[in-house]
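*Asks:*
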Amino acid sequence: MKKPRIAITMGDPTGVGPEVIVGAWHHAELHDLAAPVVFGDPVILQRAADLLQSPIKVKQVDTLDAVPAPTDVLPCLPVVDPSCRAAPVRQIDARGGQAAYDALRAAARAALADQVDAIVTAPLHKAALWAAGHHYPGHTELLAEICGVDDFAMMLYLAHGGPVRGPAGLGVIHVTLHMALADVFNHLSTAEVLRTIRLTSRTFSAIKGSPPRVAVAALNPHAGEEGLFGTEEQSLIAPAVQAARESGITVEGPLPADTAMVRAAAGEFDAVVAMYHDQGHIALKLLGMHRAVNVTLGLPIVRTSVAHGTAFDLAWQGRAETSSMIEAVRVASLLARDKLSAAD
C-alpha cells in the first residue's frame, strides 16, 4: 500500500505551529509513515526553519501533484493570505486566526475531495479565530460544520508506553466539548452518552484492530454514591451503558472517574468515555502531555492534531516540543491506511 498523503495545517503562525512542523520534519519516522505536505505560508515556515537552524528548505508547491519526495524539502501549498507574515509573534492577532482558518478549510476540502488521505492540524488560538470573525469553539466544531456532520466527538489518545500499559494505547472521548462547566449538565443525555460510546467503539476498533474495551466515567463523585451525590449516573449514564452493551459493545460503567482512569492506564480498558472536557483532558495529559494526540471522531475524513495549544510562552524561541506532532502524523497514517484498506 502506498504511503497516505497527509495535509498538515500550519495553525496560527504566531504560535508554535510552524516550529513543531519543521522540528518534526527532521524525524525519519514521519516520512516512513506518510507523504506529508503543509497547507500554510512558505515564508513563515522558512522563518521557522531558519530559527531552528534547520537544513530543511521550504518549497512552495502550487498543486498537490507537484509535492517533492526528498525528506530535506518541506513542500508548502500557499493557501493563506500573506498578510499573516506581519502578525506579531506570541500575540493574539486576527491575521493569525484568519491564516489558521484558511489553512484548515483548504485542507478539509482537499480531504473531502480525496486529494489527501488525512489532515493533521497544528494549533490555532481560539481568541484569534474569533478576532478574525470565525466564531467557533475550536478546530473540532469547525471541521464538523465543513464536513456537514452532527455526530462527532473529540478523543485524546496516548500510544502504549510509560504509564499506559494497554498494547493498543488509551483513548479518552468526551460527551461534551468546549463549554462552561455550568452548561455541561444541560447538555448531557442518555442519547448523547450512547452516541459517544458507539463512536468510541467504532473508531478505536481501527486503532486496536479489534473491538475495544470501553469504560464510561461517572459525572459525580463516587459515581453518585447511590444517588446521594447526584442522580445522573442512574438516570442518564447507566441506561446508555446498558443499551450499548445490548448492541454488542464491551462496555462497563458508570465508574468513578478517578479510578476509571487508573484502571484504564493499567490496561484494563482501551478507552474511557468522559462526561466533560477537563475530566478527560487532565487525566490523560498527566499520563503523557507531549505524546498525546487529538483525534476527531465521526468525520468523513481522518483528522488528528497535536494535544497542545499555541504555547505563546514557548513560541518562536526554538523551545517547542515536537513529539506530539510526530505522534499525530503516526495516528493519522494508521487511521488513513485503515480507511484506504476498507475502500479497496
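Just so you know, the sequence shown maps onto residues 124 to 467 in the numbering used here.
From the three backbone atoms N, C-alpha and C, an ideal C-beta is built for every residue, glycine too.
This structure is a prediction, so every number in the text was calculated from the model and none was measured.
#1: Using a Cβ-Cβ cutoff of less than 7 angstroms, which residues in the same chain neighbour G350 once the five nearest sequence positions on both sides are dropped?
#2: Apply the 10 Å Cβ neighbour rule to M302 and answer buried if 16 or more other Cβ atoms are within range, or exposed otherwise.
#3: Would a C-beta distance cut-off of 8 angstroms place G353 and F327 closer than the cut-off?
#4: For P548, which of helix, strand or coil comes out of DSSP?
#5: Should F275 be counted as a contact of the ligand HEM given a C-beta to heavy atom distance under 7 angstroms?
#6: Could you pull the DSSP bridge partners for E375 from this structure?
#7: When you compare only the Cα positions, how much space is there between A210 and I372?
#8: Checking 8 angstroms against the spacing of the C-beta atoms, do T319 and V396 come in under that value?
#9: Can you find at least 3 beta carbon pairs, one from the segment 388 to 407 and one from the segment 241 to 250, that sit closer than 8 angstroms?
#10: Are the C-beta of Y399 and some C-beta of chain C separated by less than 8 angstroms?
#11: Okay, do the segment 163 to 174 and the segment 190 to 204 touch, 3+ Cβ pairs below 8 angstroms being the bar?
#12: Which same chain residues end up closer than 7 angstroms to P136 when comparing Cβ atoms and leaving out the 5 residues on each side of it in sequence?
#13: Please report the distance separating the alpha-carbon of P335 from that of V287.
#14: How is I269 classed by DSSP in three states: helix, strand or coil?
#15: With 16 other CB atoms within 10 Å as the buried threshold, where does D381 fall?
#16: Suppose the cutoff is 6 angstroms on Cβ atoms and the five residues either side in sequence are ignored; what does the same chain contact list for D240 look like?
#17: Using 8 angstroms for Cβ pairs, my map puts V452 next to L153. What's the rounded Cβ distance?
#18: Can you tell me whether L304 is buried or exposed? The criterion is at least 16 other CB atoms within 10 Å of its CB, across all chains shown.
#19: May I ask you to report which of helix, strand or coil DSSP gives K408?
#20: Can you pull the DSSP bridge partners for H297?
#21: Looking only at DSSP bridge pairs, what is C199 linked to?
#22: Going by DSSP in three states, V307 sits in which element: helix, strand or coil?
#23: Below 8 angstroms between beta carbons: does that hold for S456 and H262?
#24: Tell me whether the segment 130 to 144 and the segment 429 to 448 touch, counting them as touching only if at least three CB pairs, one residue from each stretch, are closer than 8 angstroms.
#25: For a quick check, are the C-beta atoms of A157 and Y280 less than 8 angstroms apart?
#26: Apart from the five residues just before and just after L187, which ones in its own chain have a Cβ nearer than 6 angstroms to its Cβ?
#27: Going straight from the alpha carbon of S447 to that of G376, what length do you get?
#28: On the DSSP bridge assignment, give the partners of G284 in chain order.
#29: Once the 5 residues before and after L359 are set aside, which same chain residues still bring their CB inside 7 angstroms of it?
#30: When we look at the beta-carbon of H431 and count the other beta-carbons within 10 Å, is it buried (16 or more) or exposed?
*Replies:* Once the coordinates are examined:
#1: Q357
#2: exposed
#3: no
#4: What the structure shows of the chain is the stretch from 124 to 467, and residue 548 is not part of that stretch, so it cannot be assessed.
#5: For the structure depicted, the ligand HEM is absent and the ligand set is empty, with no information on it obtainable.
#6: A338
#7: 49 angstroms
#8: yes
#9: no
#10: Of the protein chains in the structure, only one exists, and it is not chain C.
#11: yes
#12: D164, I167, C207, A210, G219 and A222
#13: 15 angstroms
#14: helix
#15: exposed
#16: P127, R128 and A459
#17: 5 angstroms
#18: exposed
#19: helix
#20: M277 and A397
#21: V161 and Q183
#22: helix
#23: no
#24: yes
#25: no
#26: Q238
#27: 30 angstroms
#28: V287
#29: L311, S312, T313 and V316
#30: buried
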